[in-house]
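Taking it in order: structure first as structure tokens, then the write-up.
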Amino acid sequence: MSTPMKPLKTWSHLTARRRKPSEYEIVSTNLHWHTRDAEQPWEVGHNGFMADFYRKYRNQSPITHSDWGGFRDPDELVYRTYNILQDGQETYVDGLLDQHNEEGHDRGLPPEWTASLLQLYTPSRYLLHTIQMASAYLMHMSPASTISNCAAFQAADSLRWLSRVAYRTVELAKTHPDVGFGERERELWEDHPSWQGFRELMERQLTTFDWAEAFVALNVVAKPAADEVLLRQLGISARRNGDTLHALLTEAAWRDTERSRRWTVALVNHMLEEESNREQLTSWVRKWQPLGVAAIEAYAAGLPENDEGAQQAVGAVKSFQRQLGLEG
Amino acid sequence: MSATSSVSRPVGPILQSGDVAEAVADAAKVDNPDSNVEVRDHGAYVRVEVDGGECVLRRATIEEELGRPFKMSELEIIMSSFTGRIDTGNDEIRFYR
Amino acid sequence: MATIPLAANFDGDFVLKLVPVDSENTMDDVAAAAAANSVGIHVADQPGRTLRVKKQGTDTPYARDTTVADSGLEPTECIEIYFE
Amino acid sequence: MALMERSEWYDVARDTEWTPRYVTWEELFPPELSGGEGLPDDVWRTYDEPYKISYREYVDVQRQKDAGAYSVQAALERADIYNNADPAWISILKEHYGAVALVEYGAALQEARFARWCKAPGLRNMAVFGMLDEMRHGQIQLYFPHEYVKKDRQFEWSHASMFSNNWVSLGARHFFDDMLMTRDMVSTSFCANFSFETGFTNLQFIGLSGDAANSGDYTFSKLIQSIQTDEARHAQLGTPLLQMMIENGQRDKAQKEIDISFWRSYRLFTILSGIPMDYYVPLEARHTSFKEFMEEWIVTQFMRELEDLGLSKPWYWDIFMRDISEHHHGQQLGTYSWRPTLWWNPAAGVSPEERDWLEEKYPGWNDTFGKVWDVMIDNFVNGRTEKTVPGTLPMICNLSQLPIVGTPSQTLRDTSVVYKGRRYHFASEVDKWIFEDNPERYRYQKNLVDRFLGGDIEPADLGGVLEYMGLGSIGPSGDDAHGYSWVESYRKQLADAG
Chain A
1 MSTPMKPLKT
11 WSHLTARRRK
21 PSEYEIVSTN
31 LHWHTRDAEQ
41 PWEVGHNGFM
51 ADFYRKYRNQ
61 SPITHSDWGG
71 FRDPDELVYR
81 TYNILQDGQE
91 TYVDGLLDQH
101 NEEGHDRGLP
111 PEWTASLLQL
121 YTPSRYLLHT
131 IQMASAYLMH
141 MSPASTISNC
151 AAFQAADSLR
161 WLSRVAYRTV
171 ELAKTHPDVG
181 FGERERELWE
191 DHPSWQGFRE
201 LMERQLTTFD
211 WAEAFVALNV
221 VAKPAADEVL
231 LRQLGISARR
241 NGDTLHALLT
251 EAAWRDTERS
261 RRWTVALVNH
271 MLEEESNREQ
281 LTSWVRKWQP
291 LGVAAIEAYA
301 AGLPENDEGA
311 QQAVGAVKSF
321 QRQLGLEG
Chain B
1 MSATSSVSRP
11 VGPILQSGDV
21 AEAVADAAKV
31 DNPDSNVEVR
41 DHGAYVRVEV
51 DGGECVLRRA
61 TIEEELGRPF
71 KMSELEIIMS
81 SFTGRIDTGN
91 DEIRFYR
Chain C
1 MATIPLAANF
11 DGDFVLKLVP
21 VDSENTMDDV
31 AAAAAANSVG
41 IHVADQPGRT
51 LRVKKQGTDT
61 PYARDTTVAD
71 SGLEPTECIE
81 IYFE
Chain D
1 MALMERSEWY
11 DVARDTEWTP
21 RYVTWEELFP
31 PELSGGEGLP
41 DDVWRTYDEP
51 YKISYREYVD
61 VQRQKDAGAY
71 SVQAALERAD
81 IYNNADPAWI
91 SILKEHYGAV
101 ALVEYGAALQ
111 EARFARWCKA
121 PGLRNMAVFG
131 MLDEMRHGQI
141 QLYFPHEYVK
151 KDRQFEWSHA
161 SMFSNNWVSL
171 GARHFFDDML
181 MTRDMVSTSF
191 CANFSFETGF
201 TNLQFIGLSG
211 DAANSGDYTF
221 SKLIQSIQTD
231 EARHAQLGTP
241 LLQMMIENGQ
251 RDKAQKEIDI
261 SFWRSYRLFT
271 ILSGIPMDYY
281 VPLEARHTSF
291 KEFMEEWIVT
301 QFMRELEDLG
311 LSKPWYWDIF
321 MRDISEHHHG
331 QQLGTYSWRP
341 TLWWNPAAGV
351 SPEERDWLEE
361 KYPGWNDTFG
371 KVWDVMIDNF
381 VNGRTEKTVP
391 GTLPMICNLS
401 QLPIVGTPSQ
411 TLRDTSVVYK
421 GRRYHFASEV
431 DKWIFEDNPE
441 RYRYQKNLVD
451 RFLGGDIEPA
461 DLGGVLEYMG
471 LGSIGPSGDD
481 AHGYSWVESY
491 RKQLADAG
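Chains A, B, C and D, in that order, give the protein sequences. Going by UniProt numbering, 243 is the number at position 243 of the first sequence; the sequence numbering is gapless. Going by UniProt numbering, 16 is the number at position 16 of the second sequence; the sequence numbering is gapless. Going by UniProt numbering, 25 is the number at position 25 of the third sequence; the sequence numbering is gapless. Going by UniProt numbering, 28 is the number at position 28 of the fourth sequence; the sequence numbering is gapless.
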């Protein structure tokens, strides 16, 4: 019965390439079996909610590509290397925290600055959590496993910094028990003017289900906006207020931001391989950009010693979008 | 090999065989002095079962048995499964019903 | 004339098998078709004994000359085949 | 201490619930995705994940786990398991990777859904680790078999099986799509975290690891146990949800979902674990039977967890307890008989010594399943090989997608139901019960026999079926793992007797 068949050098779908496949390609490509039939993602519930959801928001997205599986993460991260990378990064952050704690760093922070940290920093765990949720959405809705993986690591990075914000919240509360650290963050996130722009942006992003629009709203508008103010501009304020630790933490976080931007660039380029996608992508940037700018402006209005923060951040987001070929 | 345990209401970890598993099994006896502790070696894995519905493992005890520093989170590297509910602390881990 | 697939439970076998028969086939034909997939393959032959067919869940076998059409069996219904 | 312990700040990190203003709570957490309908809104913040870990600990511990697993692989490549192990062991690897690798990755999407849609913020955080865990399991279980694809084309199925129409793949897709991919978050957690991961994965990933070590395959033994250390953590996500349901008057609903997923998992594992444990593992390494593993991990350990929660044994407990001694024997006969439909080379596992083992573990085996093997062995011994592969298809269950088998002359029967003009067949009363509980979920799916009879498979013969299932294109058809060498002892018996 059995026909002799020659062994393969690698998975058959990778054999067309001339070169030896990398570990990344072996373990990351073509894993979404539910894309095999665009009409029926699942063997059960053919008319059910989840089949409709995937048909509508993934398979029938207005952004189309003949080869989603051809997308590659420019960092070629796999699970194994992600942990090696981030374990090293976390060791560095532990070192920063340990060293500054030993030196009594927080005791030297002026009261105006600790008030700013309460207003602009410790409530950011909520914002980071929404980015984490939004990235997890992209993970399970993307049309290719290579895209899903980038989104998964982005979700994990968000949890990473959410955790560090929580850590700092408690640490600051210990040294400055009367400021309100660890007590007022939810109230500030829900009501303080600094956060309402980001809150609206993310609540609307989280209820946007077309996977490609969700990607644009998150990775082209919302996350760049958040990173520019929360990391870069608040980092500048921190330096100007003598908070070396905070400045160094934001620089450490920026590495994850840069990685996020690298795959965002790669995915937008991949999408733009089909010229027909350009108009839709641009119109989404135009749709979301005002919310992004409003979020930056509301937040940056509270930045101490940093009057140019809003302008800088808006300019940086626009410059990133220009780099993507998608001007808002 | 019998599938049923001789201890009643057993709880505890199931560990990949090796040095750490041995140290943890010994620590279980030290940390649960009033309970019957049964260690069943299945070759590739070891079942540690403490009767009475509670098993406590202390980091300090494992370090003593192991003769080196030990982070409680390291236990996860070899803990393939466990019976009972779990409560994970930095210095102590508890299985209970 | 129409092909009707039936689910055959041949006594002594471990699995139900798909057996396509013709609506004009008699029960002896049906038994032979089922036997072709079981006897000497998964079930030992019992030479000299007659094969009978009954519908699963009934006690009495069909008459040996009953046709599939007359039996009222619907596609993929289960029949039991056994040595009498 | 200059660095704080996790417990000092952990509660702040999971305190991320907020009241949306620009969209509604229902828009943020649609009931079809989030589940938990009927539970009070304020119950979600009481969710307390039992197995806590921080991101910092996670990347440290997981890096160490991978360093261990990958280094064992490197060290043991010299041992050349592929050429030195019993061929049946290699078949276990082929079956395992083909059935497991991509669905593990699929489970990462399931965990990602938890991270997005769960209304409990603590669970959303832990699900991020669950998502990463399942990426690990998908990736590492593609990496390891990829080494073998250069030696043996059948390992191509490790990557390809879930895209194919092979009947085993259909069964796996149907199961995983049902359990992991298409239910709301809460129901999925019961099916995936509780029944599947707290219960059944132990069987394959710890039970089989013992057999692997006994067979000399330490790479695989370490790999699957290492995978299970992740499962042991994220499987815990479901338990507090179950408690919340029970405490809020939804015990019956929770019980039903456990009953459904428990049976579906069990039947899948008869193929994945049952057959290899009792027939493929080389006899000298085969100490514990599938039934004994079931008794250790499921009947004893898992049932204790269920009862601790105040849930009951499934209503079909008596059926189940009988089934663990018989169903997988029928599936072994089926897979071996239709071996050209497999992506791996099955071992028969019925040499005289192995039959003694089977009879000891399953008294009465020789008089039931053994009788069928007698007929097949007679054909092999007398050179009638063509009669050892049936010329028709087995009837296939419209739920499990597995052949409908039973103990010869005892329990083999059809269980069928007509729904909206179509007749559906089931491998048991329980499968039928699951179908009838929600026929709209299952009614449109066509199993292999439906496709064959419906004209989807051309030509409509065994050759056409094999081609449809990817045999001969993805990889070669399965054939006896040992090249029928085990038949020799029977041939000798015949010669001695004659």
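Think of the CB as a built atom: it goes at the ideal place given N, C-alpha and C, for glycine as much as any other residue. As the structure is a prediction and not an experimental result, all values here were calculated from the model.
State the DSSP-derived secondary structure class of residue i, mapped to helix, strand or coil.
i: F82 (chain B); result: strand
i: V43 (chain D); result: helix
i: L326 (chain A); result: coil
i: V389 (chain D); result: coil
i: V179 (chain A); result: coil
Indicate whether at least one CB of chain D lies closer than 8 Å to the CB of residue i.
i: F49 (chain A); result: yes
i: G12 (chain C); result: yes
i: I296 (chain A); result: no
i: H129 (chain A); result: yes
i: A63 (chain C); result: no
i: D40 (chain C); result: Checking the sequence, you will find Gly at residue 40 (chain C) rather than Asp. Interface residue, yes.
i: N219 (chain A); result: no
i: I77 (chain B); result: yes
i: K6 (chain A); result: yes
i: residue 329 (chain A); result: Given a span of 1 to 328 for chain A in the structure shown, any question on residue 329 (chain A) remains unanswerable.
i: A3 (chain B); result: In this prediction, A3 (chain B) scores a pLDDT of 45, lower than 50, which makes its location untrustworthy; the coordinate-derived value is nonetheless stated afterwards. Chain D contact via Cβ: present.
i: V19 (chain B); result: According to the sequence shown, residue 19 (chain B) is Asp rather than Val. D19 (chain B) does not count as touching chain D.
Name, in chain order, the residues that DSSP records as bridge partners for residue i.
i: Y45 (chain B); result: B:Q16
i: P5 (chain C); result: C:P20
i: C78 (chain C); result: C:A7
i: T188 (chain D); result: DSSP output for T188 (chain D) lists no bridge partner at all.
i: K55 (chain C); result: C:I79
i: T88 (chain B); result: B:I93
i: F426 (chain D); result: D:T415
i: E54 (chain B); result: B:Y96
i: E38 (chain B); result: B:E49
i: I396 (chain D); result: D:P403
i: L471 (chain D); result: D:G475
i: T67 (chain C); result: C:T26
8 Å is my cut-off, CB to CB: does residue i come that close to chain B?
i: M1 (chain D); result: With a pLDDT of only 48 at M1 (chain D), under the threshold of 50, the placement of this residue in the model should not be trusted; the figure read from the coordinates follows. Not one chain B Cβ lies under 8 Å of M1 (chain D).
i: Q64 (chain D); result: yes
i: A232 (chain D); result: yes
i: R286 (chain D); result: no
i: A213 (chain D); result: yes
Using a C-beta cutoff of 8 Å, does residue i count as contacting chain A?
i: residue 520 (chain D); result: This structure leaves residue 520 (chain D) out entirely; chain D is present only between 1 and 498.
i: F163 (chain D); result: yes
i: V59 (chain D); result: yes
i: A115 (chain D); result: yes
i: E8 (chain D); result: yes
So is residue i in contact with chain C if we call contact Cβ pairs under 8 Å?
i: R413 (chain D); result: yes
i: D194 (chain D); result: According to the sequence displayed, residue 194 (chain D) carries Phe and not Asp. No, F194 (chain D) lies away from the interface with chain C (no Cβ there is under 8 Å from its Cβ).
i: M181 (chain D); result: no
4-residue-minimum alpha helix (DSSP H) runs that sit fully inside the segment 258-303 of chain A, ordered along the chain: 277-300
Cβ pair count under 8 Å reaching 3, the segment 95-112 of chain D against the segment 159-178 of chain D: The answer is yes - the segment 159-178 of chain D touches the segment 95-112 of chain D, with three or more Cβ pairs under 8 Å.
Counting pairs of beta carbons, one from the segment 72-89 of chain A and one from the segment 133-141 of chain D, are three or more of them closer than 8 Å? yes
On the three-pair Cβ rule with 8 Å, is the segment 34-53 of chain A touching the segment 173-180 of chain D? yes
For the 8 Å Cβ check, are there 3 or more pairs between the segment 5-12 of chain D and the segment 165-175 of chain A? These segments touch.
Could you check whether the segment 108-118 of chain D touches the segment 137-155 of chain A, counting it as contact only if at least three pairs of C-beta atoms, one from each stretch, sit closer than 8 Å? yes
Taking only runs of the alpha helix (DSSP H) that begin and end inside the segment 5-82 of chain A, which ones reach a length of at least 4 residues, in chain order? 23-28, 49-54
Which runs of the alpha helix (DSSP H) at least 4 residues long sit entirely within the segment 159-205 of chain A? Give them in chain order. Correct list: 185-191.
Three or more C-beta pairs below 8 Å linking the segment 312-320 of chain A and the segment 6-19 of chain B: no
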